[in-house]
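Protein chains in written order, with our numbering: chain V, 1 to 149; chain G, 150 to 298.
Glycine is no exception: its CB is placed at the ideal position from the N, C-alpha and C atoms.
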DNA sequence: CAGGATCCCGCTAGATACTG
DNA sequence: CAGTATCTAGCGGGATCCTG
């Protein structure tokens, strides 16, 4: 009888990388994906169903145009949007498709790898939306307990 | 017959906040929790079981001392550790406990709210560790396809 | 339409020194 | 031990102008 379960062994076998260690390259990757714009872009590209009406296939991640993303992510600068999308493309999380119309049409869609990250990262956005009130209440308590001065 | 399922209605009812909107306060909260150090601190405080041996209760989130956290999160500066912990405390995600020994002992532990965030954020760290190889391969392909120059 | 290039400011993260 | 205080360099990120 083993001291570890099969699930634990699997988890450990996969974890040759440890983001707790500054020297581990997974630390830098964690830094990259722990980003507001990454979360929002992935959320936009991964959301299907009622939140995003009018897309073609119901089961596949919808492709979105650059301008669509820019409209969806209010307040993002074109620089940050482009930069984020390039980074995601380089990391294999999104596919960039250029259609030579005039003017040119560029669409972005999640890869399978990007979809897998979307599934975990969407939770962060949803958590923020769901628990904002509790966080605000806590801040108010904290700030009134020790007045800022 | 409703056009939306009960689950969809619930999700929408909760989502009075929308982080896609720059004006929505949940956007700022998303920005705060989309942070490398937040992810790592929560991961450290939330991890129980074989990853962190020697804690007292097996089911409760373990309390950790400041120095323990500093040792675990290699490369973090004391400034960032303190700052991150203060922010998490203010937001109601961790509890800071001061024990008047000499020298003083300070421990941190997750609140229920913090535990709920930990459950979603732990996935991000694990994703980075699990998929780093794929990301690296993608980067190499991308960079060789278009040489940096 | 979908960016590329450039300028520039602000704030943040790190290093260092000091303390109850 | 667990911080606080101060300084500074660096760069993240916005604004603006230009283009295939």
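Open item on the list: Just to confirm the assignment: which complete beta strand (DSSP E) runs, minimum length 3, are found wholly within the stretch 82-147 of chain V?
Closed with: Runs of the beta strand (DSSP E) inside the stretch 82-147 of chain V: 94-99, 105-110.
Open item on the list: For residue 252 of chain G, count the other beta carbons within 10 Å of its own beta carbon; 16 or more makes it buried, fewer makes it exposed. Which is it?
Closed with: Looking at its Cβ environment, which holds fewer than 16 other Cβ atoms inside 10 Å, residue 252 of chain G is exposed.
Open item on the list: Just to confirm my understanding: we take residue 46 of chain V, look at its own chain, exclude 5 residues before and 5 after, and list those with CB closer than 8 Å. What are they?
Closed with: Answer for residue 46 of chain V: 61, 110, 114, 115, 118, 119, 122, listed in chain order.
Task: Pairwise C-alpha distance: residue 84 of chain V and residue 65 of chain V - done: In a straight line, the C-alpha of residue 65 of chain V is about 14 Å away from that of residue 84 of chain V.
Task: CB of residue 23 of chain V within 7 Å of CB of residue 281 of chain G, strictly - done: No; because the gap between Cβ atoms is not below 7 Å, this pair is not in contact.
Open item on the list: Please report whether the beta-carbon of residue 112 of chain V lies at a distance below 7 Å from any beta-carbon of chain G.
Closed with: Nearest CB-CB separation between residue 112 of chain V and chain G: not below the 7 Å threshold.
- [ ] May I ask which residues mark the beginning and end of the alpha helix (DSSP H) holding residue 217 of chain G?
- [x] Taken as a continuous stretch (DSSP letters only), the alpha helix (DSSP H) holding residue 217 of chain G covers 215-221.
- [ ] Kindly indicate the opening and closing residues of the alpha helix (DSSP H) around residue 75 of chain V.
- [x] No alpha helix (DSSP H) contains residue 75 of chain V, which DSSP labels as neither H nor E.
- [ ] Say whether chain V places a C-beta atom closer than 7 Å to the C-beta of residue 291 of chain G.
- [x] Interface with chain V (7 Å Cβ-Cβ cutoff): residue 291 of chain G is included.
- [ ] May I ask you to report which of helix, strand or coil DSSP gives residue 179 of chain G?
- [x] Of the three classes helix, strand and coil, the one that applies to residue 179 of chain G here is helix, per DSSP.
Open item on the list: What does the Cβ neighbour count give for residue 44 of chain V, buried or exposed, with the cut at 16 atoms within 10 Å?
Closed with: So residue 44 of chain V ends up on the buried side.
TODO: Reducing DSSP to helix, strand and coil, say where residue 61 of chain V ends up.
DONE: Correct three-state label for residue 61 of chain V: coil.
Task: chain V within 7 Å of residue 195 of chain G, Cβ atoms only - done: Residue 195 of chain G does not count as touching chain V.
Task: Three CB pairs or more closer than 8 Å across the stretch 217-231 of chain G and the stretch 240-249 of chain G - done: Here the stretch 217-231 of chain G makes no contact with the stretch 240-249 of chain G; the two share fewer than three CB pairs at distances below 8 Å.
Task: Terminal residues of the alpha helix (DSSP H) in which residue 189 of chain G lies - done: Looking at the DSSP string, the run of the alpha helix (DSSP H) that includes residue 189 of chain G is 185-195.
Task: residue 17 of chain V in three-state terms, based on DSSP - done: Under the three-state reduction of DSSP, residue 17 of chain V is assigned to coil, being neither helix nor strand.
Open item on the list: I'd like to know whether the C-beta of residue 166 of chain G is nearer than 7 Å to at least one C-beta of chain V.
Closed with: Yes, because at least one Cβ of chain V sits closer than 7 Å to the Cβ of residue 166 of chain G.
Task: Neighbour flag for residue 139 of chain V against chain G, beta carbons, 7 Å - done: Residue contact with chain G for residue 139 of chain V: present (Cβ-Cβ distance below 7 Å to some residue of chain G).
Open item on the list: Less than 7 Å between CB atoms is the rule here; does residue 178 of chain G satisfy it with respect to chain V?
Closed with: Chain V has a Cβ within less than 7 Å of the Cβ of residue 178 of chain G.
TODO: Output, in chain order, the set of chain V residues within a Cβ distance shorter than 8 Å of residue 182 of chain G.
DONE: Chain-ordered, the chain V residues with CB closer than 8 Å to the CB of residue 182 of chain G read 124, 127, 128.
- [ ] Just the C-alpha distance for residue 35 of chain V and residue 42 of chain V, rounded to the nearest angstrom, thanks.
- [x] Answer to the nearest angstrom: the Cα atoms are 11 Å apart.
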